[in-house]
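Take a look at the structure below.
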Amino acid sequence: DVKVTQSSRYLVKRTGEKVFLECVQDMDHENMFWYRQDPGLGLRLIYFSYDVKMKEKGDIPEGYSVSREKKERFSLILESASTNQTSMYLCASSLGGVAFGNTIYFGEGSWLTVV
Amino acid sequence: GNSVTQMEGPVTLSEEAFLTINCTYTATGYPSLFWYVQYPGEGLQLLLKATKADDKGSNKGFEATYRKETTSFHLEKGSVQVSDSAVYFCALTGGGNKLTFGTGTQLKVEL
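First to last, the protein sequences are chains L and D. Take the first sequence: its letter number 110 is residue 320 in this note's numbering, and every next letter is one higher. Take the second sequence: its letter number 90 is residue 233 in this note's numbering, and every next letter is one higher.
As structure tokens, then:
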């Protein structure tokens, strides 16, 4: 089975802190994604990466950056955390393009609270 | 741009009842359509998908048919169980890697 592992399930950070959310997948997938999930808004794409060192902005990239130095690892960075970034963050990966029938696999999520 | 509209929840049903969760979409071209399920405390799992008009996706007793004429992809199950209690997300992709999700519908099944 594909395993997408998010290193931290629950985090509490202070406003202004730099926050790293780490994600690792074990199936040599090309594509990796970061979403945030908020009640009433569903899932919104922050960034995705289709190869090492490659990234593209999603729908809500403001306040976030990403890093993909190795194929299996995709990090989400909050440069200066703010309270409106309190949310559930979901990492995902896929072997190829979703439009071509490839399944996206999700991690269990990281609950981030910014105080 | 692409968008997905789902019925609001929570939906509360008794065990063995019939389930329908409505999903309609707006998209250019010919999107692929998906239903994902999120059990409490977990990430999302793909439940079923359909990649062209009139396709029916099915899994674990759930079904959904891609209706291009009504731009819909309603999720159905003939007899729900308590273990089906979860949040269900409808999603589409218009191409490439981007999935657009609906807001999710919470289902509660009671004995």
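Don't be surprised by glycine CBs; every beta carbon is placed ideally from N, CA and C.
Cβ pair residue i, residue j closer than 9 Å
i: D/Lys-195; j: D/Ser-175; result: yes
i: L/Leu-231; j: L/Tyr-245; result: no
i: D/Thr-163; j: D/Val-147; result: no
i: L/Ala-302; j: L/Val-234; result: no
i: L/Lys-228; j: L/Glu-289; result: yes
i: D/Pro-183; j: D/Ser-228; result: yes
i: D/Leu-156; j: D/Val-230; result: no
i: D/Ser-215; j: D/Ala-160; result: no
i: D/Glu-158; j: D/Leu-218; result: no
Neighbourhood of residue i by C-beta, 7 Å cutoff - its chain only, sequence neighbours within 5 removed
i: L/Leu-300; result: Tyr-245, Gln-247, Leu-253, Phe-316, Gly-317, Gly-319
i: D/Ala-170; result: Asn-145, Leu-235, Gly-237
i: D/Lys-211; result: Ala-196
Segment limits, beta strand (DSSP E) that includes residue i
i: L/Val-276; result: 274–280
i: L/Tyr-220; result: 220–223
i: L/Ile-287; result: 283–288
i: L/Ala-302; result: 297–304
Residues bridged to residue i [DSSP beta-bridge criterion]
i: D/Val-194; result: A quick correction: the sequence has Thr, not Val, at residue 194 of chain D. In DSSP, D/Thr-194 forms no bridge with anything.
i: L/Ser-259; result: L/Met-242
i: L/Asp-248; result: L/Gly-252
i: D/Asn-165; result: DSSP lists no partner for D/Asn-165.
i: L/Tyr-315; result: L/Ser-303
Sequence-distant residues of the same chain with beta carbon closer than 6 Å to residue i, five excluded per side
i: L/Arg-283; result: Val-234
i: L/Leu-221; result: Leu-322
i: D/Pro-332; result: Only positions 144 to 254 of chain D appear in this structure, which leaves residue 332 of chain D out of reach.
Neighbourhood of residue i by C-beta, 8 Å cutoff - its chain only, sequence neighbours within 5 removed
i: L/Arg-224; result: Ala-291, Val-324, Val-325
i: L/Met-237; result: Val-212, Lys-213, Ser-303, Leu-305, Tyr-315
CB contact check: residue i to chain C, cutoff 9 Å
i: D/Ser-215; result: The structure shown has no chain C; the protein chains it does contain are L and D.
In chain order, which beta strand (DSSP E) runs of at least 3 residues are fully inside the segment 192–236 of chain D? 199–202, 205–208, 218–220, 229–236
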